[in-house]
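Input: a single structure, listed below in structure tokens.
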């Protein structure tokens, strides 16, 4: 008798169930490959079975309608290429494929990029010819037999006819295919109206889905095939073997930021960031704050526009604030839309001690006390690093009084003593 079943993802429990049928919900899935184990606890010991699952990002909306002609337009750069990796038959290195998917309020769009050194459409049946197949379970019911919301379509490379399997409706479905220049192969682009397969998905809804690739090098029967989810290649008769995709009403982010870092180097702050994908990216604006509430611009860096390659950027803050400094990127699209990055922090330590400043906040005068002798240089900068006041005076009695004529606000006072050579001290001050 089973006492309970424990469900684990990558060896970590996500929940238990003491009632049959046993189940658990994984509420925080993350991208990548994972091992899922169900462990049954009973009087004789434990038993377990393991399944593997690969999770990709959600399917997000497009604001641009693709031209269905078998070419990779710029808009497709906004979406990840998902490998189609399960193979059967005489698997050879000449066959590989990825797919991309997006949607709008009218249609589902799928692009399949196939690498294949020999293109042939003389096979015996449609599934024996070079081409792709799409499997859709609109309600993600995962039934073992085809029902009203389960669909299978075939698209043979180089033809324009949509092939219907399992009595699937084809109203409004179109596709285009084109030969690639290198590596050898072809691209298929498909448009499927939501009205044909059961309605527009809602935000956060799931749909059963799979992509198959058929390969024929010499006519006759199929030599090889690939699948995104079903390694048994029997989903043509069993929709429960389809994979699952999640729809998000969000649009693709204009910039895929891989990293954003900052470090103090020789009393300046060097900021660097790396992007993997950029879409209509005009520029990055560097913003800085001392309190996470008041932000100021300290510079700009031109973006790459549209890019699917790794781009590395850098900016130097030559007049950093004192203490903990916060930085963020404001990414600006060509059309003026903005997106903010995560916020990072860098700590700037004081260069030397022995100086006090009072009062702070101040009304008119500031008294600077220091044990350092000789010439004392005092300057004040605003939060953008612009100089608003400077003063130089010989320190003979350990106390200097200055009257900076500046507006109310937050500033940085910089004090450099001649006897301390190149060292300086910075402190934040506030003018009432």
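Numbering (the working numbering), first residue to last: 337 to 768. All C-beta atoms, glycine included, are put in the ideal place defined by N, C-alpha and C. All values reported here derive from a predicted model rather than from experimental measurement.
Is the segment 546-554 in contact with the segment 459-468, if contact means three or more CB pairs nearer than 8 Å?
Yes, the segment 546-554 is in contact with the segment 459-468.
Helix, strand or coil for residue 730 per DSSP?
strand
N-terminal and C-terminal residue of the beta strand (DSSP E) that residue 408 is part of
Here residue 408 belongs to no beta strand (DSSP E), and DSSP marks it neither H nor E.
On the three-state DSSP scale, how would you describe residue 430?
coil
According to DSSP, is residue 493 part of a helix, a strand, or is it coil?
coil
Got a sec: does the ligand GDP put a non-hydrogen atom nearer than 7 Å to the Cβ of residue 637?
Judged by which ligands are present, the structure shown has none, so any question about the ligand GDP falls away.
Using DSSP with H/G/I as helix, E/B as strand and the rest coil, what is residue 688?
Low confidence applies here, because residue 688 scores a pLDDT of 47, under 50, leaving its location unreliable and the question unanswered by this model.
Local conformation of residue 657 per DSSP, three classes:
coil
If I follow the unbroken alpha helix (DSSP H) through residue 533, where does it start and stop?
530-533
So, for residue 723: in the same chain, excluding its five sequence neighbours on each side, which residues have a beta-carbon less than 7 Å away from its beta-carbon?
715, 717
Sort 476, 760, 765 by Cα distance to residue 792 and report the nearest one.
Residue numbering for the chain in the displayed model covers 337 to 768; residue 792 lies beyond these limits and cannot be assessed.
Can you say whether residue 571 is buried or exposed, counting buried as having 16 or more other CB atoms within 10 angstroms of its CB?
buried
Ordered list of alpha helix (DSSP H) runs contained in the segment 443-504, each at least 4 residues
none
May I have a chain-ordered list of the beta strand (DSSP E) segments no shorter than 3 residues that lie completely inside the segment 591-619?
591-601
Among residues of its own chain, excluding the 5 on either side of residue 689, which ones have a beta-carbon nearer than 6 Å to its beta-carbon?
In this prediction, residue 689 scores a pLDDT of 49, lower than 50, which makes its location untrustworthy; no coordinate-derived value is stated.
In terms of alpha-carbon separation, which member of 607, 564, 613 lies closest to residue 650?
607
By the DSSP assignment, the beta strand (DSSP E) with residue 562 in it spans what residues?
In the DSSP annotation of this structure, the continuous segment of the beta strand (DSSP E) that includes residue 562 starts and ends at 560-563.
Between the alpha carbons of residue 588 and residue 531, how many angstroms are there, rounded?
24 Å
Pull up the DSSP beta-bridge partners for residue 351, would you.
343
Which of the three DSSP states, helix, strand or coil, is assigned to residue 358?
coil
Identify whether residue 582 lies in helix, strand or coil by the three-state DSSP scheme.
strand
Indicate the three-state DSSP secondary structure (helix, strand or coil) for residue 665 in the structure shown.
For residue 665, the secondary structure class from DSSP, reduced to helix, strand or coil, is strand.
Tell whether a beta-carbon distance below 8 Å holds between residue 422 and residue 629.
If you check the CB distance, residue 422 and residue 629 do not come in under 8 Å.
Minimum C-alpha distance to residue 615 - residue among 593, 524, 712, 489:
If we check each option's Cα against that of residue 615, 593 comes out closest.
Considering only residues of the same chain and omitting the five flanking positions on each side of residue 713, which have a CB-CB separation below 7 Å?
728, 752
8 Å Cβ cutoff met for residue 476 and residue 542:
yes
Contact between the segment 383-401 and the segment 474-490 is defined here as three or more beta-carbon pairs at a separation below 8 Å; is this criterion met?
no
Hey, how far is the Cα of residue 437 from the Cα of residue 447?
Their backbone Cα atoms lie some 6 Å apart in a straight line.
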